[in-house]
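Remarks on the structure that follows.
Protein chains: 6
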Amino acid sequence: MFSLTVCDHIMIAHSFQGAEFGPAQRLHGATFAVEAEFRAPQLDGLNLLIDIGLAKTELRRILDGVDYRNLDEVPALAGQNTTTEFMARHIWGLLRDALRQGTMGAGGQAVTGLKVLLRESPLAWAAFDNEVSGGEIG
Amino acid sequence: MFSLTVCDHIMIAHSFQGAEFGPAQRLHGATFAVEAEFRAPQLDGLNLLIDIGLAKTELRRILDGVDYRNLDEVPALAGQNTTTEFMARHIWGLLRDALRQGTMGAGGQAVTGLKVLLRESPLAWAAFDNEVSGGEIG
Amino acid sequence: MFSLTVCDHIMIAHSFQGAEFGPAQRLHGATFAVEAEFRAPQLDGLNLLIDIGLAKTELRRILDGVDYRNLDEVPALAGQNTTTEFMARHIWGLLRDALRQGTMGAGGQAVTGLKVLLRESPLAWAAFDNEVSGGEIG
Amino acid sequence: MFSLTVCDHIMIAHSFQGAEFGPAQRLHGATFAVEAEFRAPQLDGLNLLIDIGLAKTELRRILDGVDYRNLDEVPALAGQNTTTEFMARHIWGLLRDALRQGTMGAGGQAVTGLKVLLRESPLAWAAFDNEVSGGEIG
Amino acid sequence: MFSLTVCDHIMIAHSFQGAEFGPAQRLHGATFAVEAEFRAPQLDGLNLLIDIGLAKTELRRILDGVDYRNLDEVPALAGQNTTTEFMARHIWGLLRDALRQGTMGAGGQAVTGLKVLLRESPLAWAAFDNEVSGGEIG
Amino acid sequence: MFSLTVCDHIMIAHSFQGAEFGPAQRLHGATFAVEAEFRAPQLDGLNLLIDIGLAKTELRRILDGVDYRNLDEVPALAGQNTTTEFMARHIWGLLRDALRQGTMGAGGQAVTGLKVLLRESPLAWAAFDNEVSGGEIG
Numbered sequence: 053m054f055s056l057t058v059c060d061h062i063m064i065a066h067s068f069q070g071a072e073f074g075p076a077q078r079l080h081g082a083t084f085a086v087e088a089e090f091r092a093p094q095l096d097g098l099n100l101l102i103d104i105g106l107a108k109t110e111l112r113r114i115l116d117g118v119d120y121r122n123l124d125e126v127p128a129l130a131g132q133n134t135t136t137e138f139m140a141r142h143i144w145g146l147l148r149d150a151l152r153q154g155t156m157g158a159g160g161q162a163v164t165g166l167k168v169l170l171r172e173s174p175l176a177w178a179a180f181d182n183e184v185s186g187g188e189i190g
Numbered sequence: 053m054f055s056l057t058v059c060d061h062i063m064i065a066h067s068f069q070g071a072e073f074g075p076a077q078r079l080h081g082a083t084f085a086v087e088a089e090f091r092a093p094q095l096d097g098l099n100l101l102i103d104i105g106l107a108k109t110e111l112r113r114i115l116d117g118v119d120y121r122n123l124d125e126v127p128a129l130a131g132q133n134t135t136t137e138f139m140a141r142h143i144w145g146l147l148r149d150a151l152r153q154g155t156m157g158a159g160g161q162a163v164t165g166l167k168v169l170l171r172e173s174p175l176a177w178a179a180f181d182n183e184v185s186g187g188e189i190g
Numbered sequence: 053m054f055s056l057t058v059c060d061h062i063m064i065a066h067s068f069q070g071a072e073f074g075p076a077q078r079l080h081g082a083t084f085a086v087e088a089e090f091r092a093p094q095l096d097g098l099n100l101l102i103d104i105g106l107a108k109t110e111l112r113r114i115l116d117g118v119d120y121r122n123l124d125e126v127p128a129l130a131g132q133n134t135t136t137e138f139m140a141r142h143i144w145g146l147l148r149d150a151l152r153q154g155t156m157g158a159g160g161q162a163v164t165g166l167k168v169l170l171r172e173s174p175l176a177w178a179a180f181d182n183e184v185s186g187g188e189i190g
Numbered sequence: 053m054f055s056l057t058v059c060d061h062i063m064i065a066h067s068f069q070g071a072e073f074g075p076a077q078r079l080h081g082a083t084f085a086v087e088a089e090f091r092a093p094q095l096d097g098l099n100l101l102i103d104i105g106l107a108k109t110e111l112r113r114i115l116d117g118v119d120y121r122n123l124d125e126v127p128a129l130a131g132q133n134t135t136t137e138f139m140a141r142h143i144w145g146l147l148r149d150a151l152r153q154g155t156m157g158a159g160g161q162a163v164t165g166l167k168v169l170l171r172e173s174p175l176a177w178a179a180f181d182n183e184v185s186g187g188e189i190g
Numbered sequence: 053m054f055s056l057t058v059c060d061h062i063m064i065a066h067s068f069q070g071a072e073f074g075p076a077q078r079l080h081g082a083t084f085a086v087e088a089e090f091r092a093p094q095l096d097g098l099n100l101l102i103d104i105g106l107a108k109t110e111l112r113r114i115l116d117g118v119d120y121r122n123l124d125e126v127p128a129l130a131g132q133n134t135t136t137e138f139m140a141r142h143i144w145g146l147l148r149d150a151l152r153q154g155t156m157g158a159g160g161q162a163v164t165g166l167k168v169l170l171r172e173s174p175l176a177w178a179a180f181d182n183e184v185s186g187g188e189i190g
Numbered sequence: 053m054f055s056l057t058v059c060d061h062i063m064i065a066h067s068f069q070g071a072e073f074g075p076a077q078r079l080h081g082a083t084f085a086v087e088a089e090f091r092a093p094q095l096d097g098l099n100l101l102i103d104i105g106l107a108k109t110e111l112r113r114i115l116d117g118v119d120y121r122n123l124d125e126v127p128a129l130a131g132q133n134t135t136t137e138f139m140a141r142h143i144w145g146l147l148r149d150a151l152r153q154g155t156m157g158a159g160g161q162a163v164t165g166l167k168v169l170l171r172e173s174p175l176a177w178a179a180f181d182n183e184v185s186g187g188e189i190g
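Protein chains in written order, with this note's numbering: chain L, 53 to 190; chain B, 53 to 190; chain P, 53 to 190; chain Z, 53 to 190; chain E, 53 to 190; chain C, 53 to 190.
Pasting the structure below:
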């Protein structure tokens, strides 16, 4: 299996609901360094898994929806604790949709697996990883 | 599949038995940067895979058993070459036990996969990775 | 000159005032990975520049004043744009005070230079660096 | 499953054929930081997955075939766009052959999985990962 | 002293003249991860050292002159061994000129020191560092 | 000022004398990732600060004196607490001697400043930095 990973980052504010979160119940924030790994069993005729320029552009477009924002006020995330693992799943879903809709070209449509990993600090990160061709998830 | 990874590190001395080890047969040491990856197919009602505070505390408790020690003299490791791959497996086993015993909460008990990775230098690392619900291992 | 650096991190929310900030005028956040470098021309009788345990504890105590908070609402920062460079200077001042007050031991009092560096993303960071024995700054 | 990873790097020139590549059609270059991950279900009697010295030596020997070269002029790569994902597969194949031929010892012959990852920049990398015992691959 | 650092990278081909270079006399290449550190003794009224957006844009504009190129054929570098240390100095000079010309705003004009660091591999890097207000250099 | 940095690492055992060290009084160990920064005001006719091959070889030769050893038993370190800051100074001295003796060529003899930094963990490091032409130190 081949994989290609591109990186970007976002800087967001948010707060958590639930005593389990302790001080993280307060409004605080995070830099999420985002790694998007695209997987496919073979390369195209140019030896590309996916057009890296399109992949970066699409990842940036998706991240613009949450970058420099208070996630507590983003309608698409209403009522959710925007934990790192949840946000990995959220971004995964948007990238999966983009792959299916063809905005990342033929290479994107040939992608069979996708992993989105978010580093919240030098000592902690979370990811969501799944096959792309799978049906509805979560 | 979701994953959440937390990091810590230990500083240990040890020596190896076997001519294959060359100069590493001498008493020497290592900083092992430890990454513990917990995996689960879904999040809880708070959108958590596992309570990250409990995970860090439990990892620290386990590492305290070997941190700042000469592994050649730790009873639980007697007669073993404490290679990086072996130590990854050793710590994996202790974390797996902690997950099963519930010391990492309900989230810990819902964990289905666990990977422990130890970086011994900027240029080499080793890991042990397995499902947690599997029976007796090694 | 000797130096010793210890690291920690904070996760904060904030917003900026001024059209120059563009989308960063919105409430957003950051993980600041914090590096505190202590400098001294010589080591003590134990070959230590500073007690690393005390240094970590004091850095953590200072960071607790801003960690998991919305900096827009922290009284000590009122009316300030809490840019990365400003926050480096702010934390520098608190660490300098701690060095002078002796909370980091005799080693801390022998420190002659201090640098505080904050990484806001994998691609940008800021620092404040100055001699410690200097009089009033900023 | 156990894994052991060793790292090295190469510095190469190359150009790409195809309008999709934009400015990368020009002769340019890259530092590829190379990570070779060897996997096996168990360790040997010394608690080793593979002799790390042999693994490093063999990886270096293979990389010497492309290091400090213009890949456009390397006969074994003639007619290929030497993308990062393609080069990961190329090096994977040579390492797989070395494992089978026994140049990495009995540990190498017991390896069941192999991943080669090439970092082309701080923000992008590619990999090829497969079982080693599998027959002919692409 | 305050400092602010922004990062980018380039992917170039080149060769070296001189037997001392050994295999690096062959046409090869490198990814240079570029770090530009701007220094100033104080911040502006917004608590900024320099407009980070302008700094990134200007750094990118300068890097575009060498990115995805064979440095052996770049007229501005004719007759030079484009070592990492030389390229750090080259980019430093272009950034210094941009600071003086005001393309990085009033903050840029207040900058008093500049360091450009280029990482050529995980194990080697070079830099050029100087005051900006100094006269002609090299 | 130009600088060139090369990296290597050592894996050592040691123990500390003094109640201040707490659990680090026990025999333990560390991986020290070593960064040697050479500084000079100008480059030679080949645009080199120092022959990077010679610099790596000499650094390796010096590190071989302590690598894979128990520092408590190294005669040259007898009676010393081999803290990270002390070891940075120790390696600095040996590199300074090598520069003066010409084992790093004419470039090495033109070096005017030297910094040795040792990373003991992802969260702590120490360094010794001084001019090379200075007289007796420590």
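Every residue gets a Cβ at the ideal spot worked out from N, C-alpha and C, and that includes glycine.
Taking all protein chains shown into account, do 16 or more other C-beta atoms lie within 10 angstroms of the C-beta of residue i, making it buried, or fewer, making it exposed?
i         : result
Ala92(E)  : buried
Gly97(Z)  : exposed
Gly159(Z) : buried
Met63(Z)  : buried
Glu188(L) : Residue confidence is low: Glu188(L) scores 43 on pLDDT, short of 50, so the model does not pin down where it sits. Its coordinate-derived value is still stated next. Exposed, by the Cβ-count rule.
Asp116(E) : exposed
Glu137(E) : buried
Ala71(C)  : exposed
Give the single residue among the options whose Cα lies nearest to the Cα of residue i.
i         : options                                      : result
Ile114(E) : Gly97(E), Leu98(E) and Met139(E)             : Met139(E)
Asp119(E) : His142(Z), Gln94(Z), Gly74(Z) and Gly159(Z)  : Gly74(Z)
Leu111(L) : Glu183(L), Leu151(L) and His66(L)            : Leu151(L)
Met156(Z) : Leu100(Z), Glu125(Z) and Met63(Z)            : Leu100(Z)
Ser10(C)  : Val58(E), Ile104(E), Ser55(E) and Ala176(E)  : Residue 10(C) lies beyond the range of chain C shown here (53 to 190); nothing can be said about it.
Ala82(Z)  : Arg148(E), Phe90(E), Val184(E) and Arg171(E) : Arg171(E)
Ser185(P) : Ala179(P), Lys167(P) and Arg148(P)           : Arg148(P)
Phe90(L)  : Glu137(L), His61(L), Ala179(L) and Lys167(L) : Lys167(L)
Leu169(P) : Phe68(P), Gly154(P), Val163(P) and Ala178(P) : Ala178(P)
Leu106(L) : His66(L), Asp181(L), Asn182(L) and Gly154(L) : Gly154(L)
Ile102(E) : Glu87(P), Thr135(P), Cys59(P) and Lys108(P)  : Thr135(P)
Ala88(B)  : Pro127(B), Leu79(B) and Cys59(B)             : Cys59(B)
Leu79(P)  : Met53(P), Asn182(P) and Ala65(P)             : Ala65(P)
Phe239(C) : Lys108(C), Pro127(C), His61(C) and Trp144(C) : Here chain C has residues from 53 to 190 only, and residue 239(C) is not among them.
Leu95(Z)  : Glu125(Z), Asn182(Z) and Thr164(Z)           : Thr164(Z)
Skipping 5 residues on each side, what residues in its chain have a beta carbon closer than 6 Å to that of residue i?
i         : result
Pro174(E) : none
Ala162(Z) : Ala92
Leu146(E) : Ile114
Leu129(B) : Leu123
Phe68(B)  : Ala76, Gln77 and Asn133
Tell me the DSSP bridge mates of residue i?
i         : result
Thr57(Z)  : Trp177(B) and Glu89(Z)
Asn182(C) : Leu166(C)
Phe84(Z)  : Ile62(Z)
Asn99(L)  : DSSP lists no partner for Asn99(L).
Who are the Cβ neighbours of residue i in its own chain at under 7 Å, not counting the five residues just before and after it?
i         : result
Gly190(Z) : Bear in mind that a pLDDT of 38 at Gly190(Z), under 50, signals an unreliable position, so the number given afterwards is only what the model happens to contain. Result list for Gly190(Z): empty, nothing under 7 Å.
Please name the residues in the region 54 to 67 of chain C whose beta-carbon is closer than 9 Å to at least one beta-carbon of chain B, in chain order. If the cut-off is 9 Å between Cβ atoms, the region 54 to 67 of chain C has Cys59, His61, Ile62, Met63, Ile64, Ala65, His66 and Ser67 near chain B.
Please name the residues in the region 122 to 142 of chain C whose beta-carbon is closer than 7 Å to at least one beta-carbon of chain B, in chain order. Correct list: Asn122.
In the region 91 to 103 of chain Z, which residues sit with their C-beta less than 7 Å from some C-beta in chain B, listed in chain order? So the list reads Leu95, Leu98, Asn99, Leu100, Leu101 and Asp103, given in the order they occur along the chain.
Members of the region 157 to 187 of chain L near chain B, C-beta cut-off 7 Å: Across the region 157 to 187 of chain L, CB contacts with chain B closer than 7 Å involve Leu175, Ala176, Trp177, Ala178, Ala179, Phe180, Asp181 and Asn182, in sequence order along the chain.
Along the region 71 to 93 of chain C, what residues have a CB closer than 7 Å to any CB found in chain B? Within the region 71 to 93 of chain C, the residues whose Cβ lies closer than 7 Å to some Cβ of chain B are Pro75, Ala76, Arg78, Leu79, His80, Gly81, Ala82, Thr83 and Ala85, listed in chain order.
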